[in-house]
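Its first residue numbered 438, the sequence shown is counted upward by one per residue in the working numbering.
The C-beta atom is built at its ideal place from N, Cα and C for all residues, glycine as well.
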Amino acid sequence: MKKITLLFAVLFSISINAQVSTFTFNITGTQPAGFATALTIAGQKWSNYLQITVPVKVNVFIVNASFLPFSAITFANGRKNFTNAPVPNTLYVSTLANQLAGSEINTGEYDMDIYFNLYTPYYFGTGKPPANKTDFISTAMHEIGHGLGFYSDGYVDANGIGSFGNIPPSAIPISPSFPWRGQDSVPSIFDKYIIKASGNLLTTCAPQNSSALGDSIKNGAVYFSGPLYANPSHSNTPIRLAGGAGTYTLGVDLLHIHQSYANTIMSYYWGAGDTVRIPAPWELGILKEIGWNIKAVGLKENTTDALAMVYPNPANSSMVVVGKNITTIEIYNLMGELLQINTNVLKEDELLINTEPLKNGIYFLKMGFNYTGQNSIKKIVISH
Ligand SMILES: [Zn+2]
438 MKKITLLFAV LFSISINAQV STFTFNITGT QPAGFATALT IAGQKWSNYL
488 QITVPVKVNV FIVNASFLPF SAITFANGRK NFTNAPVPNT LYVSTLANQL
538 AGSEINTGEY DMDIYFNLYT PYYFGTGKPP ANKTDFISTA MHEIGHGLGF
588 YSDGYVDANG IGSFGNIPPS AIPISPSFPW RGQDSVPSIF DKYIIKASGN
638 LLTTCAPQNS SALGDSIKNG AVYFSGPLYA NPSHSNTPIR LAGGAGTYTL
688 GVDLLHIHQS YANTIMSYYW GAGDTVRIPA PWELGILKEI GWNIKAVGLK
738 ENTTDALAMV YPNPANSSMV VVGKNITTIE IYNLMGELLQ INTNVLKEDE
788 LLINTEPLKN GIYFLKMGFN YTGQNSIKKI VISH
C-alpha cells in the first residue's frame with residue numbers, strides 16, 4: 438500500500454530581484470523608530486513586481502489621533518486624456534499615467550498622499566508582528582497599492598444617487614495636497630472593469646447620477662473582470678470586490694478586494710498579527726490589466742490548491758505525481774533554470790518522475806493542467 442504524503446502550504450519565494458527603489462517618500466510628522474525603513478521596504482517590494490521607470494512620489498503624513506476615522510488613508514492623484522492614454526475619458530492614477538506617458542506629467546504634484554494614524558498599534562519590524570499589533574509594511578503596501586491603481590471614483594450620496602467621478606470634497610475627511618480627482622466626472626480605469634454578477638459593467642449599467650446607479654453600486658456582488666490578465670490569474674474567474682452588501686461606504690467599497698480573500702494585500706480585512714507582504718497573483722493580474730507592466734518574478738510555491746499530490750517528498754531516485762489531467766511537468770532549480778527530466782505514465786492520472794540525475798537539494802515541480810490552464814508549483818526535496 439502506498440503512503441500518501443500530504444503537502445502543507447508554505448509560501449516560498451525563490452528569486453526576487455534586489456533593485457534600487459523607484460519610490461521617493463516625503464515624510465511629515467514625528468517618525469517612530471523603524472518607520473522610514475519599513476516604508477522604504479514597502480515601496481521596494483512593489484518595485485520588485487512593477488516596471489517603474491518614472492519615479493513614484495509619495496507624500497506621507499504621520500498623525501496620532503483617535504478621533505480620525507482611519508488607521509491609514511490614501512488619496513491618489515490622477516489624470517485623464519493624457520498623451521498615450523489607452524482609454525479616453527478615464528481617470529488613471531498618476532503613477533500609472535506617468536508610466537504610460539513615459540515621463541512625469543504631474544510635475545510639482547505628489548502621486549499620492551498617505552496618512553498613517555499612529556493611534557493604530559503598528560509593528561514597524563520586518564518579522565512577524567505580535568498578535569495585538571498591525572503590520573506596518575503590509576499596511577504601507579496596501580496604501581501604496583491604492584496609489585498604483587486600486588482606485589475607484591464610484592460614489593453613492595446620502596440620497597442614494599450613484600455616480601462615477603462625482604465625489605464631493607466634503608465627503609472626504611482631509612483635503613489632498615493636489616487637486617481632488619473625485620470631481621473629474623469620469624470613472625477610473627479600475628472602475629471600468631467592474632461587473633455585476635449578471636456580467637453587466639457597473640459603469641454603464643445605469644445612467645450617471647441616478648438612483649438606479651446608486652442601487653447597482655449598493656446592491657449585489659461586484660467583481661473585477663479582466664479577460665487578458667486578471668481573470669487568468671484567478672482560475673479564469675472574475676475577482677470579487679468589497680461592496681454590494683446593500684450600503685455604500687466611501688473608501689471601503691469597490692476599491693478593495695473582497696474580505697473573503699486570504700493573503701491579499703488589497704482586501705480590506707486583515708488583522709492584527711497578520712502579514713500580507715506579497716501581492717497575490719490576481720492583484721498583479723489586475724495591475725497588469727489596467728496597464729502596468731509586471732516584471733517576471735521567481736517561481737512561487739502554490740500549494741493552496743489540491744490539484745495534485747507528490748510523493749515521496751523528499752525523494753530519492755523517483756517521485757510519483759497524482760493528479761487529474763496533468764499535461765506538463767517541469768522541474769526548476771532554485772535559480773529558476775528548467776532541468777531535463779524523464780517521466781513515465783504509471784496509469785491514468787499517475788506519473789513517475791526519474792529523480793536519479795538530480796543532485797541533493799530543493800527544487801520546484803511545476804505542473805500544468807489542461808482543463809483549467811492552471812499551474813501548480815510545489816517545492817520538492819531530493820535526498821539520495
Ligand atoms: Zn484600502
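message = DSSP has Ser600 in a bridge; who is on the other side?
response = Taking the first residue of the sequence shown as position 1, residue 600 is located at position 163. Ser600 is bridged to Tyr592.
Counting only the same chain and skipping the five closest in sequence on each side, list residues whose C-beta sits under 6 Å from that of His671. Translated into positions along the sequence shown, residue 671 becomes position 234. Trp719, listed in sequence order.
Please give the ranges of any alpha helix (DSSP H) in the stretch 495 to 579, keeping only runs that are unbroken, at least 4 residues long and fully inside the region. For the stretch 495 to 579, the full-length alpha helix (DSSP H) segments reaching 4 residues or more read 531 to 538 along the chain.
**Request:** Report the partner residues of Asn463 according to the DSSP bridge assignment.
**Result:** If you number the sequence shown from 1, residue 463 lands on position 26. According to DSSP, Asn463 bridges with Asn496.
Should Gly591 and Leu691 be called a contact, given that it needs their Cβ atoms to be closer than 8 Å?
Residue mapping note: residue 591 aligns to position 154 of the sequence shown, counting from 1. Residue mapping note: residue 691 aligns to position 254 of the sequence shown, counting from 1. Closer than 8 Å, so yes.
Note to self: Considering only the alpha carbon of each residue, which of Lys633, Leu724, Ile731 lies closest to Pro677?
What the structure shows: Position 240 of the sequence shown, counted from the first residue, corresponds to residue 677. It should be pointed out that residue 677 corresponds to Arg in this sequence rather than to Pro. Cα-wise, what sits closest to Arg677 is Lys633.
Q. Which of helix, strand or coil does DSSP assign to Ile631?
A. For this step, residue 631 is matched to residue 194 along the sequence shown. Ile631: strand per DSSP, three-state reduction.
For Gln468, I'd like the list of residues in its chain whose CB is within less than 8 Å of its CB, leaving aside the five on either flank, ordered along the chain. Translated into the one-based positions of the sequence shown, residue 468 becomes position 31. Counting only Cβ-Cβ distances below 8 Å, and skipping sequence neighbours, we find Ile499.
Practice item. Give the secondary structure of Arg618 by DSSP, where H, G and I count as helix, E and B as strand, and everything else as coil. Key: Looking up residue 618 in the sequence shown gives position 181. Arg618: helix per DSSP, three-state reduction.
Quiz item: Taking the alpha carbon of Glu774 as the point to measure from, which residue in Val758, Asn762, Leu795, Leu788 has its own alpha carbon closest?
Solution: The count along the sequence shown starts at 1 and reaches residue 774 at position 337. Measuring from the Cα of Glu774, the nearest candidate turns out to be Leu795.
One question on the structure: do Ile763 and Phe801 come within less than 8 Å of each other, judged by their Cβ atoms?
As a first step, residue 763 must be located in the sequence shown, where it is residue number 326. As a first step, residue 801 must be located in the sequence shown, where it is residue number 364. It is not a contact, given that the beta carbons lie outside the stated cut-off.
- Task: Put Ala473 into one of helix, strand or coil per three-state DSSP.
- Result: Here residue 473 refers to the residue found at position 36 of the sequence shown. Three-state DSSP puts Ala473 in a helix.
Roughly how many angstroms lie between the CA atoms of Tyr705 and Ala717, to the nearest whole one? One-based indexing of the sequence shown puts residue 705 at position 268. One-based indexing of the sequence shown puts residue 717 at position 280. If I take the Cα positions, the gap works out to 14 Å.
Item to check | Cut-off 6 Å between Cβ atoms - residues of its own chain near Lys761, not counting five sequence neighbours on either side | outcome: For the purposes of this step, residue 761 is taken as the residue at position 324 of the sequence shown. Taken in chain order, the residues that qualify are Asp786.
Report task. Ignore the nearest five residues each way along the sequence and tell me which others in Pro558's own chain have a CB closer than 8 Å to its CB. Result -> Within the sequence shown, residue 558 is the residue found at index 121, counting from 1. Excluding positions up to five away in sequence, the list reads Asn569, Lys570, Thr571, Ala709.
Between Phe601 and Asn779, what straight-line distance do the alpha-carbon atoms span, to the nearest angstrom? Within the sequence shown, the letter at position 164 stands for residue 601. Within the sequence shown, the letter at position 342 stands for residue 779. So the alpha carbons of these two residues sit roughly 56 Å apart.
Val689 versus Ile551: straight-line alpha-carbon distance, rounded
Walking along the sequence shown from the start, residue 689 turns up at place 252. Walking along the sequence shown from the start, residue 551 turns up at place 114. So the two alpha carbons sit approximately 15 Å from each other.
- Message: Give me the residue from Gly651, Leu555, Met703 with the minimum Cα distance to Gly471.
- Response: Along the sequence shown, read from residue 1 onward, the residue named residue 471 stands at position 34. Nearest option by C-alpha distance: Leu555.
### Query
Nearest-angstrom Cα distance between Val659 and Asn781?
Taking the sequence shown and counting its residues from 1, one reaches residue 659 at position 222. Taking the sequence shown and counting its residues from 1, one reaches residue 781 at position 344. C-alpha separation (whole angstroms): 45 Å.
- Please list, in chain order, all residues of the same chain as Leu444 whose beta carbon is under 8 Å from its beta carbon, the five residues on each side excluded. Looking up residue 444 in the sequence shown gives position 7. At Leu444 the pLDDT is 32, less than 50, meaning the model places this residue with poor confidence; the figure from the coordinates comes in the next sentence. Within the same chain, Leu444 has close Cβ partners Thr740, Met746, Val747, Asn750, Lys815.
Classify Met438: buried if its beta carbon has 16 or more other beta carbons within 10 angstroms, exposed otherwise. Taking the first residue of the sequence shown as position 1, residue 438 is located at position 1. Caution is warranted here: a pLDDT of 37 is assigned to Met438, below 50, making its placement in the model unreliable, and no coordinate value can be reported.
Should His693 be counted as a contact of ligand 1 given a C-beta to heavy atom distance under 7 Å? For the purposes of this step, residue 693 is taken as residue 256 along the sequence shown, with counting starting at 1. It does: the Cβ of His693 is within 7 Å (strictly closer) of some heavy atom of ligand 1.
message: Can you find the residues in the same chain that come closer than 6 Å, C-beta to C-beta, to Ile604, ignoring five residues on each side of it along the sequence?
response: One-based indexing of the sequence shown puts residue 604 at position 167. Only Tyr592, Gly619 meet the Cβ criterion.
**Message:** Any heavy atom of ligand 1 inside 7 Å of the beta-carbon of Leu685?
**Reply:** The residue given as residue 685 occupies position 248 in the sequence shown. Residue identity differs from the one stated: residue 685 is Tyr in this sequence, not Leu. For Tyr685, the shortest C-beta to heavy atom distance toward ligand 1 is 7 Å or greater.
- Query: Between which two residues does the alpha helix (DSSP H) carrying Ala643 extend?
  - Reply: Translated into the one-based positions of the sequence shown, residue 643 becomes position 206. Per DSSP, Ala643 belongs to no alpha helix (DSSP H) and is neither H nor E.
Self-check item: Residue from Ile766, Ser755, Ile768, Asn514 whose Cα sits closest to the Cα of Glu793
Solution: Against the sequence shown, residue 793 aligns to sequence position 356. Cα-wise, what sits closest to Glu793 is Ser755.
Name the DSSP beta bridge partners of Tyr748, please? Along the sequence shown, one-based indexing puts residue 748 at 311. The partner list for Tyr748 (beta bridge, DSSP) reads Val757.
Give the single residue among Gln645, Ile654, Pro613, Phe519 whose Cα lies nearest to the Cα of Ile631.
Position 194 of the sequence shown holds residue 631. Out of Gln645, Ile654, Pro613, Phe519, Ile654 has the C-alpha closest to the C-alpha of Ile631.
Can you tell me whether Pro610 is buried or exposed? The criterion is at least 16 other CB atoms within 10 Å of its CB, across all chains shown. Locating residue 610 in the sequence shown gives position 173, where the first residue counts as 1. By the neighbour-count criterion, in which 16 or more other beta carbons inside 10 Å mark a residue as buried, Pro610 falls on the exposed side.
Exercise. What is the DSSP secondary structure of Ala608, reduced to helix, strand or coil?
Worked result: Counted from its first residue, the sequence shown places residue 608 at position 171. Helix at Ala608.
Considering only the alpha carbon of each residue, which of Leu789, Lys732, Gly728, Val713 lies closest to Lys565? Here residue 565 corresponds to residue number 128 of the sequence shown, with the count starting at 1. If we check each option's Cα against that of Lys565, Val713 comes out closest.
query: DSSP beta-bridge partners for Lys816?
result: Numbered from 1 along the sequence shown, position 379 holds the residue referred to as residue 816. Phe801.
**Whole-number beta carbon distance between Gln481 and Asn730, since they are thought to touch under 8 Å** = Counting from 1 along the sequence shown, the entry for residue 730 is found at position 293. Counting from 1 along the sequence shown, the entry for residue 481 is found at position 44. Between Gln481 and Asn730 the Cβ distance is about 18 Å, and since that is not below 8 Å, they are no contact.
Which word fits Met578, buried or exposed, when buried means at least 16 other C-beta atoms lie within 10 angstroms of its C-beta? Along the sequence shown, one-based indexing puts residue 578 at 141. Burial call: buried.
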